[in-house]
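Comments concern the structure below.
In the working numbering, the protein residues as written are 222 to 392.
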């Protein structure tokens, strides 16, 4: 029994040391993370484009649909926030405010999906930009454009394109 107690004490002490080391490593990681954004921001800046540049690269036959998706996204998000999470506008209302047909708005709405934003996944892919390092909101929007998908972070008004090379589009 004495050996078991000594073994237990030794193992417990060892675990405490490991736990302290892990906490120190976490603290250092947080410190490093605070220092990184400025350096990373400078490297990532060259991969920032306006959303208009994204639209310009669309094939002519998809340009209008892509523009409709962006405009409808803004309209729906604005309505959601203006009415404190209780949207009051129908698709017909959005169509009228955007000067689109109901058919165009319905097609665009099918391309918009609210998702839980996988922050860690995007950081791991290489999107280590200030907006993500400081992003605390859990939701985002997946926008399925013809041949391309973007993730829209409405709080930061940026679009993430995770096809290589990674791009960040902004409003």
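Glycine included, C-beta positions come from ideal geometry on N, C-alpha and C.
- With contact defined as three or more Cβ pairs closer than 8 Å, the segment 318 to 331 and the segment 282 to 291 are in contact.
- Within the same chain, and ignoring the five residues on either side of residue 312 in sequence, the residues whose Cβ sits closer than 8 Å to its Cβ are 323, 326, 327 and 330.
- Nearest C-alpha to residue 338 among 374, 272, 332 and 354: 374.
- The three-state reading of DSSP puts residue 328 in helix, counting H, G and I together.
- For the 9 Å CB-CB criterion, residue 353 and residue 363 do not form a contact.
- Every unbroken stretch of the alpha helix (DSSP H) spanning 4 or more residues and falling wholly within the segment 310 to 380 is given here in chain order: 312 to 319, 323 to 330, 340 to 346 and 351 to 354.
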